[in-house]
Structures are given as structure tokens and as C-alpha cells.
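Novice: Quick one: structure below, then a few questions.
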Amino acid sequence: MAPDGWCWDCGAAQPAYRAHVEITAGGRAAGVSDRGRRRAVNADEMALDTTGTWTVAAVCDGVSMSPLAERAARVGAQTGVTVLAARLHAGAVPETALADASLRAFHAVAALAASPDAAPACTFVAAVAHPDGIWSAGVGDSRAYWLPDEGPGVLLTEDDTGEHEVITSWLGAGADEPSPQVHSRRPRAPGRLLLCTDGLWRCLPGADDLRAVLTRRPQATGGGDELLEEARSLVGHALDAGGDDNITALLIRHA
């Protein structure tokens, strides 16, 4: 299939690979990723896992100007979650697990490079949720938010961007090894931890903008189906706003 979504041989439009993806994990979390209305390929990726009372997640956004951006995102997200689950299961504290996951994901994506001039790249945001708290870390401009059931929402990560919002840190060959700041929070009330790509937050840039979309729905009770519906609502809002980019929203319930 050609990059524009048409068959090289017959010239017919082909079904888009991963045009719309939905995942859930044990009723604790759910995510939705959509290609959007303008992109031929969905270069966003998300991954979820649970181990004991831990829920771990990662979201990556393939850098559109790099080759095989969708593969970079897939490798980054899957490696990140695999390392997070393994390190937490082995007894590591969340801060260490997130730092290790970021570094291992970086090297896994960097290994995809055929040459310095052909290096797949992606952003990365990962999170850990536990009854005792939530932890998050990011590389690039994919974000984590805390969206409580009551009260104002909070952006948990800082974008690694420079002039004109160009990212200054990413996973992949040619970038420096990441040393993301790990953010921890002990919520006093129930809510949701959101991981998302810029296809969502550019349409809903404020934490309270995101929370407003969710509060227009019946309050969630922790069920995976409700989280999935909420993630669909967020992605649907971005699609209604134009859907210019790939869009990913992943929610983890914290009670």
C-alpha cells in the first residue's frame, strides 16, 4: 500500500491499518486510538498491562517526519509497558520503574534505525497507577493529566518543546538518552489518569477542557466499559473538531 492509502498495483483505496483501535485492561483502564480525518496512517500507539495492584500504561506518537514512525511508536509503547510491569513485579519503586522503562524504550526505538539519516522516532508518555498513588513521566509532547471527579484537573507532565513547539526530546537514534522527570501524586478523591497524544490535547489544551467532556457523561464507577466510552468521547470530540492528526486517549481509573 502506498503512503496515501491506495494500492500500488490496482490503484484502489485500501482499508487503513489500525485506523481505529480500542484496548482495555482488567476493568481498570481503557484506551482509544484513531487515525483521524487527514492522516493516511495511524502512527500513535498505546499499551496497557496490570501486575498485582499496579496498572501500567504507555502512549507514543510517531514523529511524522521520520521513517516508519508507526513502528517506532509501537516498539516504544510495548517496550515501555513490558519493562514497567516487570520492574514493578520485581519490587522496584515506580520512580525507578518509569526511568528504566523510558531508557529501555529509547534504546529499543533507536535500534530500529537503518542509518543516522533513516531513524524512526516517537514521543513517549508512561504512567503507573496504584491504590497509593499515581506516577507519570514523558519524553516529547505526549501528555499525562489528572482529571478528578470533583475539582480542577491538572497537567502532570511538561512538554519537551522549543521554538514553534518543535519537540526537543524524543525516542530514537539521534536524540540524547532521556532523563524524564517523574511526577507523583496522591489523589485525595477518585478520578482518572489520562495519557494522550497532541492530536487530542491541541483540541482540548486545558485539563478542565478535557474534564468538561467527561463530566457531560454520567459519572464513571470504575468499570472498564465506562472508561472505554469516556475515551471514545474524548477522541470523538477531537474528530468533531476536524481530526487533523492521529488521536489517542488512554484512561486509568483511580479510586
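For the sequence shown, the numbering used here begins at 45 and goes up steadily by one.
We treat Cβ as the ideally placed atom computed from N, Cα and C, and that holds for glycine.
Because the structure is a prediction, the values reported are computed rather than measured.
Considering only their Cβ atoms, is the gap separating residue 169 from residue 201 smaller than 8 Å?
Specialist: yes
Novice: Can you name the start and end residues of the alpha helix (DSSP H) that residue 114 belongs to?
Specialist: Element bounds for residue 114: 113-133.
Novice: Going by DSSP, what residues sit across from residue 334 in a beta bridge?
Specialist: Residue numbering for the chain in the displayed model covers 45 to 299; residue 334 lies beyond these limits and cannot be assessed.
Novice: Look at the alpha carbon of residue 206 and the alpha carbon of residue 213, and state the distance between them as a whole number of angstroms.
Specialist: 10 Å
Novice: Counting beta carbon pairs with one atom in the segment 135-147 and one in the segment 251-260, are three or more of them shorter than 8 Å?
Specialist: no
Novice: State the Cα-Cα distance for the pair residue 218 and residue 211, rounded to the nearest angstrom.
Specialist: 13 Å
Novice: Would you mind stating whether residue 294 and residue 275 have Cβ atoms separated by less than 8 Å?
Specialist: yes
Novice: For a test of the three-state rule: what should DSSP assign to residue 228, helix, strand or coil?
Specialist: strand
Novice: Roughly how many angstroms separate the alpha carbons of residue 181 and residue 160, rounded to a whole number?
Specialist: 27 Å
Novice: Residue 140 by DSSP, collapsed to three states: which one?
Specialist: helix
Novice: Restricting to Cα atoms, I'd like to know which of 298, 118, 67 and 74 is closest to residue 271.
Specialist: 74
Novice: On the three-state DSSP scale, how would you describe residue 296?
Specialist: strand
Novice: Just reading off the alpha helix (DSSP H) that residue 243 is part of, what are its end residues?
Specialist: Element bounds for residue 243: 242-245.
Novice: Quick one: give me the first and last residue of the beta strand (DSSP E) that residue 185 is part of.
Specialist: From DSSP, residue 185 is part of no beta strand (DSSP E); its letter is neither H nor E.
Novice: Say whether chain C places a C-beta atom closer than 8 Å to the C-beta of residue 244.
Specialist: In the structure shown, chain C cannot be found, because there is only a single protein chain.
Novice: How is residue 267 classed by DSSP in three states: helix, strand or coil?
Specialist: For residue 267, the predicted structure reports a pLDDT of 49, less than 50, and the residue's modelled location is therefore unreliable. The matter cannot be settled from this model.
Novice: What do you get for residue 186, buried or exposed, if any count of 16 or more other CB atoms within 10 angstroms of its CB means buried?
Specialist: By the Cβ neighbour-count rule, residue 186 is buried, with 16 or more other Cβ atoms within 10 Å of its own.
Novice: Can you give me the Cβ contacts of residue 76 inside the same chain, cut-off strictly under 6 Å, excluding the 5 residues immediately before and after it?
Specialist: 66, 275, 276, 279 and 293
Novice: If we count the other Cβ atoms within 10 Å of its Cβ and call it buried at 16 or more, is residue 264 buried or exposed?
Specialist: Reliability fails at residue 264, whose pLDDT of 47 lies under 50, so the model's placement of it is uncertain and the value that follows must be treated cautiously. The residue is buried, with at least 16 neighbouring Cβ atoms inside 10 Å.
Novice: In terms of alpha-carbon separation, which member of 155, 153 and 125 lies closest to residue 142?
Specialist: 125
Novice: Who are residue 94's beta bridge partners in DSSP?
Specialist: 99
Novice: Leaving aside the five residues before and after residue 157 along the sequence, list all residues of the same chain whose C-beta is less than 6 Å from its C-beta, in chain order.
Specialist: So the qualifying residues of the chain are 163 and 217.
Novice: Alpha carbon to alpha carbon, how far is residue 153 from residue 165?
Specialist: 7 Å
Novice: Measure the alpha-carbon distance for residue 106 versus residue 115 and round it to whole angstroms.
Specialist: Note on geometry: alpha-carbon atoms of residue 106 and residue 115 lie some 8 Å from one another.
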